[in-house]
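Participant: Here's a structure for you.
In my numbering, the protein residues as written are 83 to 286.
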């Protein structure tokens, strides 16, 4: 089997033509995401270019402090993106979201690198940065869905929440139904992906 095929710069540029499909559909159905989509694509391109260049040096240096700082930087960006897309107050929610990302990602990275792969150096850039990026990238969607639904449902059904409090429930008991629904919504995409993993791959 031959090695992976390189993608030329021209071919990569042509791939952007695929964006015309969602742009045309959004314009036709008057969905107000055209500007946001274009800005996101420009940001994505710039970020990937800068990150690609930076990672070359990070992998060469493989410094524990730099690797940890890079992962923390990714966590900060993930927390900001989650708060922004969930339309939450930065001043109130940014730190709790950051802390949640930091603890969960840190524990999983340690378990993967120290226990599963049994690395001598758990801060190895090839694993810490790559696996950390995969974890944050895959969890971001679910986090945004779950947090958004939780607070949206709480606002829409505030009377239900107040009724539970008036009926004698404490705050924790009153928010459990909202928390349960938001967790279900957040986990659905991951459950669907796991259920079709392998089958969908081999059908392609």
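All residues carry an ideal CB built from backbone N, CA and C; glycine is no exception.
May I ask you to verify whether the region 131-148 touches the region 194-210, counting CB pairs closer than 8 angstroms and requiring at least 3?
Facilitator: The region 131-148 vs the region 194-210: in contact.
Participant: If I follow the unbroken alpha helix (DSSP H) through residue 265, where does it start and stop?
Facilitator: Start and end: 253-278.
Participant: May I ask you to report which of helix, strand or coil DSSP gives residue 87?
Facilitator: Three-state result, residue 87: coil.
Participant: Tell me which residues share the same chain as residue 141 and place their Cβ nearer than 6 angstroms to its Cβ, disregarding the 5 neighbours each side in the sequence.
Facilitator: Around residue 141: 207.
Participant: What are the start and end residues of the alpha helix (DSSP H) that includes residue 137?
Facilitator: Looking at the DSSP string, the run of the alpha helix (DSSP H) that includes residue 137 is 116-143.
Participant: The alpha helix (DSSP H) spanning residue 224 covers which residue range?
Facilitator: Segment 207-238, the alpha helix (DSSP H) holding residue 224.
Participant: Over the uninterrupted alpha helix (DSSP H) stretch that includes residue 155, give me the two end residues.
Facilitator: Looking at the DSSP string, the run of the alpha helix (DSSP H) that includes residue 155 is 146-167.
Participant: Cα-Cα, which of 197, 190 and 227 is closest to residue 215?
Facilitator: Selected option, being the one with the closest Cα: 190.
Participant: Classify residue 188 as helix, strand or coil using the three-state DSSP reduction.
Facilitator: Residue state, collapsed to three classes: helix.
Participant: Three or more C-beta pairs closer than 8 angstroms, one from the region 123-142 and one from the region 162-175: is that the case here?
Facilitator: With the cut-off at 8 angstroms, the region 123-142 and the region 162-175 do not touch.
Participant: Shortest alpha-carbon distance to residue 103 belongs to which of 90, 119 and 157?
Facilitator: Ranking the options by Cα distance to residue 103, first place goes to 119.
Participant: Assign residue 187 to one of two classes, buried (16 or more other C-beta atoms within 10 Å of its C-beta) or exposed (fewer than that).
Facilitator: Classification for residue 187: buried.
Participant: Between 116, 96, 278 and 262, which lies nearest to residue 105 when the distance is taken from Cα to Cα?
Facilitator: Looking at the Cα atoms, 116 is the closest of the given residues.
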